[in-house]
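Everything on this sheet refers to the single structure shown next.
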Amino acid sequence: MDVTLIIWIASFVLMTFFAGIEMAFVSASRLNIELRRKQGSRVGKILSKFTNNPALFLGSTITGSIIFLTVFVLLTSEVARRVWPLIGLQNRAAQISLEIIFNAFFILIFVEFIPRALFRAHSNRLLRFFAYITDFIYGIFKNIAAAMFALSNWILKYVFNVRVEKDKMPLSRGDLRFLFANDVKDLVKAETSTQLLENAQELPNRRIRQSLVPRKEIVGVDIKTPINELVQKVDDTKRSRIIVYEDNIDNILGYVHELDLFSKPQDIRSILLEIPAVPESMSAVDLINKFSKEGKSIAWVVDEFGGTAGIITMEDVLEELFGEIKDEYDTEVFVEKQISEDEYLFSGRLELDYLEEKYGLTFEGIDTSETISGYIIDHHETIPKQKERIIIGDYEFDITSVSDTRIEMVKLKKLD
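This is the structure we're talking about:
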């Protein structure tokens, strides 16, 4: 095959690669890259090198793309000269026009649109797959890009009298964050990933003493406790896991799960599950690894004297990364307030039986409803709108706030 044709095809392939890898880079998850780096992944370390200096990386891809674009366009004319005699086209103006149309169409479709769409759709996977090739090419073009930046700064400084601070990137952090978010939906994802990344970076330095459930809040029973009392404890506390100790809370033996009570055990020891003990100085990352290796989700945290500092669950640790996760140790507080003699402000999830007992209220026809939200919706036959007023029996309900599935807050007024 002719050398010119080989170089022409190679320049096309490299143009396509540079355009695609640039889009993969700006679309990829920074959190995914950082977590892979922290796990010791070689690919993660390579990619984090790019994200640590995004301006230089993007400058390198743009430099490479422009160089091979120039080569491709120049060689297109050379290749075309061999084609024109074959089709009998002699007019030079027509030849140049067709070359321009071909280059524009070919570059836009096969170099810009298609590669960018493909690399954006599979950005994380393709960025990892081409990591070594990209690193090699980056090593070649980063010096050229750096020289271009230096030349640009010199021209800006001495020709246009615009000074660029040396410690500032040509692209600001805000510019890059905007670049990483290609539309509003992506921007929201980028903000979330940024927060997750910051939380993930803090995990190795965070000690579990900062996230545990303290000893005073532990729900536990003695190993000698009868099964019927344990069942009552589960029912009263609404906890799925109950800590079991011997004599005192500093001597934890394990825990029991409410599901094991269905087997009708004779005593607690027969359904006792092992609970690992961990020091309160252990990092959150080490605890996650321990949970993963041992298949556990709860641990007994001991202090420096060997006593119980508290307990910690996988949910407690993950909350440090993802924010609050609702679990059995979280207590939900419902609003209940008497505004005047005949007016009340209630959370929609308060139970009717509780309201009748505490406030002396009487709700008509509550056979199918358990909460005040369900009661109003059953009578209204739909979820009411905010600020809507509904009269049921002797009460007027002023809907304060609603969600897609229930009434969140309601003001109740007794009618004369």
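Here our numbering is used: the first residue of the sequence shown is 1, the next is one more, and so on. For each residue, glycine too, the CB sits at the ideal point set by N, CA and C. Here the structure is a predicted model, which means the values were calculated and not measured.
Of the other Cβ atoms in all chains shown, fewer than 16 fall within 10 Å of the Cβ of D235; this residue is therefore exposed. If you draw a 10 Å sphere on the C-beta of T237, you find fewer than 16 other C-beta atoms in it, and that means exposed. Between W8 and the set I66, T63, G20 and F72, the nearest pair of CA atoms involves F72. In the displayed model, F160 falls within coil according to three-state DSSP, outside both helix and strand.
Beyond the five residues adjoining it in sequence on each side, V219 comes within less than 8 Å, by CB distance, of K233, T237, R239, I242 and I243 in the same chain, given in chain order. In this structure E246 is exposed. Its beta-carbon is surrounded by fewer than 16 other beta-carbon atoms within 10 angstroms. DSSP, read as helix, strand or coil, puts P85 in helix.
In the three-state DSSP reduction, L350 falls in the coil class, being neither helix nor strand.
Annotated as distal: L47 and A145, with beta-carbon spacing of 8 Å or more. In this structure, DSSP gives P54 a helical state, which the three-state scheme calls helix.
For D416, the closest of G393, V410 and S401 by C-alpha to C-alpha distance is G393. Among the bridge pairs identified by DSSP, D398 is matched with R389 and K411. Under DSSP, the beta-bridge partners assigned to L345 are K337 and K411. Membership of L126 in the alpha helix (DSSP H) is indicated by the continuous run S123 to F129. Non-local C-beta neighbours of R269 in its own chain, meaning closer than 7 Å and more than five positions away in sequence, comprise I223, ordered along the chain. The three-state reading of DSSP puts I218 in coil, since its state is none of H, G, I, E or B.
DSSP places A284 in the helix class (H, G or I) of the three-state scheme. Note that the C-beta distance between A309 and E280 is below 8 Å. The beta-bridge partner set that DSSP reports for R116 is empty. S27 sits close to S123, with the two beta carbons spaced by under 8 Å. If you look at V302, you'll find it in the beta strand (DSSP E) that goes I298 to V302.
Between the alpha carbons of E217 and Q210 lies a gap of roughly 15 Å. Cβ contact annotation for N103 (same chain, cutoff 7 Å, sequence separation greater than five): V73 and T76, in chain order.
Per DSSP, V256 lies in no alpha helix (DSSP H) segment; the continuous beta strand (DSSP E) that holds it begins and ends at N248 to H257.
Looking at the DSSP output, T313 shares a beta bridge with I298. Distances from the CA of F397 to each of K414, S403, R215 and R406 were compared; the closest alpha carbon is that of K414. In this structure, I312 keeps its C-beta atom at 8 Å or more from the C-beta atom of T134. Ranking F110, I96 and S340 by CA distance to the CA of F12 puts F110 first.
Between the stretch 257 to 268 and the stretch 277 to 293, the count of C-beta pairs closer than 8 Å stays below three; the two stretches do not touch. The beta carbon of K296 sits closer than 7 Å to the beta carbons of P276 from its chain, once the five residues preceding and following it are set aside; these are given in chain order. Taking all protein chains in view, the Cβ of Y158 is surrounded by fewer than 16 other Cβ atoms within 10 Å, so the residue is classified as exposed.
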